[in-house]
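J.:
Numbering (the working numbering), first residue to last: 369 to 749.
1. Is it buried or exposed for residue 424, if we count other Cβ within 10 angstroms and need 16 for buried?
2. Pick helix, strand or coil for residue 496, following the three-state DSSP scheme.
3. In three-state terms, what does DSSP make of residue 675?
4. Tell me, to the nearest whole angstrom, how far the beta carbon of residue 684 is from that of residue 396; I am working on the premise that it is less than 8 Å.
5. Along the chain, where does the beta strand (DSSP E) containing residue 718 start, and where does it finish?
6. State the DSSP-derived secondary structure class of residue 599, mapped to helix, strand or coil.
7. Buried or exposed: residue 675, going by 16 or more other Cβ atoms within 10 Å of its Cβ?
8. Can you pull the DSSP bridge partners for residue 420?
9. Are residue 507 and residue 470 close, meaning C-beta to C-beta below 7 Å?
10. If you count every other CB in all the chains shown that lies within 10 Å of the CB of residue 626, and 16 or more means buried, which is it?
11. Following the continuous alpha helix (DSSP H) through residue 740, name the residue where it begins and the one where it ends.
12. Could I get the ranges of all uninterrupted beta strand (DSSP E) runs contained in the region 505-589, with 3 residues as the minimum, in chain order?
13. Excluding five sequence neighbours on each side, which residues of the same chain lie with their C-beta closer than 8 Å to the C-beta of residue 601?
14. So who's on the other strand from residue 635, going by DSSP bridges?
15. Using the three-state DSSP reduction, which class does residue 501 fall into: helix, strand or coil?
16. Whole angstroms are fine: how far does the CA of residue 527 sit from the CA of residue 650?
17. Assuming residue 736 and residue 466 are in contact, meaning their beta carbons sit under 8 Å apart, how far apart are those beta carbons, in whole angstroms?
18. For the region 417-431 against the region 468-484, do three or more pairs of beta-carbon atoms, one drawn from each stretch, fall closer than 8 Å, so that the two count as touching?
19. Could you give the first and the last residue of the continuous alpha helix (DSSP H) run that contains residue 454?
20. When you compare the CB positions of residue 482 and residue 532, do they come within less than 7 Å of one another, or not?
21. Would you call the CB atoms of residue 583 and residue 530 closer than 7 Å?
22. Mapping DSSP to helix, strand and coil, what is residue 467?
23. Cα separation between residue 576 and residue 622?
24. Helix, strand or coil: which one does DSSP assign to residue 382?
25. When the Cα of residue 437 is compared with those of 739, 406, 595, 489, which residue comes out closest?
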């Protein structure tokens, strides 16, 4: 199926058009790799029909990524959301593309320039076929020992983080690419890395509202469509010892009810050790869904490679299927989530098939930002 044809189809689909297996698939995001064989269809993607694909890895040429996306979309019955972490642009992942400063370097940048940068990144995303940029990072990094975010955040001032995060979101949106604000409710006050353990943030809800939640509330008020949950534990808010990404109180009571967020909620990678040190693939999927997440992410940040990721996809799909078939989770709730996801996909714009990644305008913006704020360290050639 052509990409444009698939997106037109998505505009007309509702949950009633999907089988239960396909509905469960729309709750799942898994990773794909530009170096995967192009002549062998992935049996796991066919069997478990994930609705969303995350491109992982660094150092690829853009032509290879574009072909990868086109190949997967052409085989999809329901168009994929194609996601990628491009927090300061394509140079975070790809070779031979425009280079922009990292977010930390932009903390004193006028919002108008950050918005222009976001729009340019969106233009480049559309040429490749990326429809969801997993940014902006709007964690307020007020702990100097934070190792998780480093240069990924706009700094330690919540108002500046809010202004620049909003500018990035507006730029991506004006360039017709979806954005995902992260990592709710804020990873910047921690010291440890959730890739390897479950960090603890001893912050009250009152303290959160005065600091970490300011950027999130700003973007929610302006209509951000997707938010990613953090794998951090907040014992003063939810003492049950689980990550915020698995907390019904933090997701449903705070993010949904208190803050009024109505978009899609995405987990951070459920294969991170913050989750896997405690849970099986199946339990992680069930708890994440029960907590109120709309999309569950299983990607490859730990040893085990693609086989580990695909095993997790299989187990998550099977566990959720069984839960719906046995009435543990109501089908009506699943249908509402799937309809919201399909509406999100229906508003995606088809890729701009033509166009050059490196243009005089892109180079001019890159040179202006780098000369003023510093380089974003391109992927090695």
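Ideal placement from N, C-alpha and C gives every residue a C-beta, glycine not left out. Because the structure is a prediction, the values reported are computed rather than measured.
T.: Concretely, from the data shown:
1. As a working note, residue 424 is residue 56 in the chain shown. With 16 or more other Cβ atoms within 10 Å, it is buried.
2. Your numbering for residue 496 matches position 128 in the chain shown. Helix.
3. Residue numbering aside, residue 675 sits at position 307 when the chain shown is read from its first letter. It is helical.
4. Start at 1 with the first residue of the chain shown, and residue 684 comes out as number 316. Start at 1 with the first residue of the chain shown, and residue 396 comes out as number 28. Confirmed, about 6 Å.
5. Start at 1 with the first residue of the chain shown, and residue 718 comes out as number 350. Careful: residue 718 lies outside any beta strand (DSSP E) and carries neither H nor E.
6. To locate residue 599, count along the chain shown from 1; it is residue 231. In this structure, residue 599 counts as coil in the three-state DSSP scheme.
7. Your numbering for residue 675 matches position 307 in the chain shown. Exposed, because fewer than 16 other Cβ atoms sit within 10 Å of the Cβ of residue 675.
8. For this step, residue 420 is matched to residue 52 along the chain shown. DSSP lists 397, 449 as partners of residue 420.
9. Position 139 of the chain shown, counted from the first residue, corresponds to residue 507. Position 102 of the chain shown, counted from the first residue, corresponds to residue 470. Cβ distance not < 7 Å, so residue 507 and residue 470 don't count as in contact.
10. Locating residue 626 in the chain shown gives position 258, counting from the first residue. So residue 626 counts as exposed.
11. The residue you call residue 740 lines up with position 372 of the chain shown. From DSSP, the alpha helix (DSSP H) with residue 740 extends over 728-741.
12. 549-552
13. For the purposes of this step, residue 601 is taken as the residue at position 233 of the chain shown. Cβ neighbours of residue 601 beyond the five flanking positions: 566, 567, 568, 569, 609, 610, 611, 612.
14. In the chain shown, counting from the first residue as 1, residue 635 sits at position 267. Beta-bridge pairing links residue 635 to 597.
15. For the purposes of this step, residue 501 is taken as the residue at position 133 of the chain shown. Reduced to three states, the DSSP call for residue 501 is strand.
16. Here residue 650 refers to the residue found at position 282 when the chain shown is read from its first residue. Here residue 527 refers to the residue found at position 159 when the chain shown is read from its first residue. Distance between the alpha carbons of residue 650 and residue 527: 39 Å.
17. In the chain shown, counting from the first residue as 1, residue 736 sits at position 368. In the chain shown, counting from the first residue as 1, residue 466 sits at position 98. Residue 736 to residue 466, Cβ: 12 Å. No contact.
18. no
19. For the purposes of this step, residue 454 is taken as the residue at position 86 of the chain shown. Unbroken run through residue 454: none, as it is neither H nor E.
20. The residue given as residue 482 occupies position 114 in the chain shown. The residue given as residue 532 occupies position 164 in the chain shown. A contact, by the Cβ cut-off of 7 Å.
21. Here the question's residue 583 lines up with position 215 in the chain shown. Here the question's residue 530 lines up with position 162 in the chain shown. In this structure, residue 530 lies closer than 7 Å to residue 583 by Cβ.
22. By 1-based counting over the chain shown, the position of residue 467 is 99. Coil at residue 467, not helix or strand.
23. As a position in the chain shown, residue 576 is number 208, starting the count at 1. As a position in the chain shown, residue 622 is number 254, starting the count at 1. Using only the alpha carbons, I get a separation of about 11 Å.
24. Sequence index remark: in the chain shown, residue 382 carries index 14 (1-based). If DSSP states are grouped into helix, strand and coil, residue 382 belongs with coil.
25. As a first step, residue 437 must be located in the chain shown, where it is residue number 69. Residue 406 is the option with its Cα nearest to residue 437.
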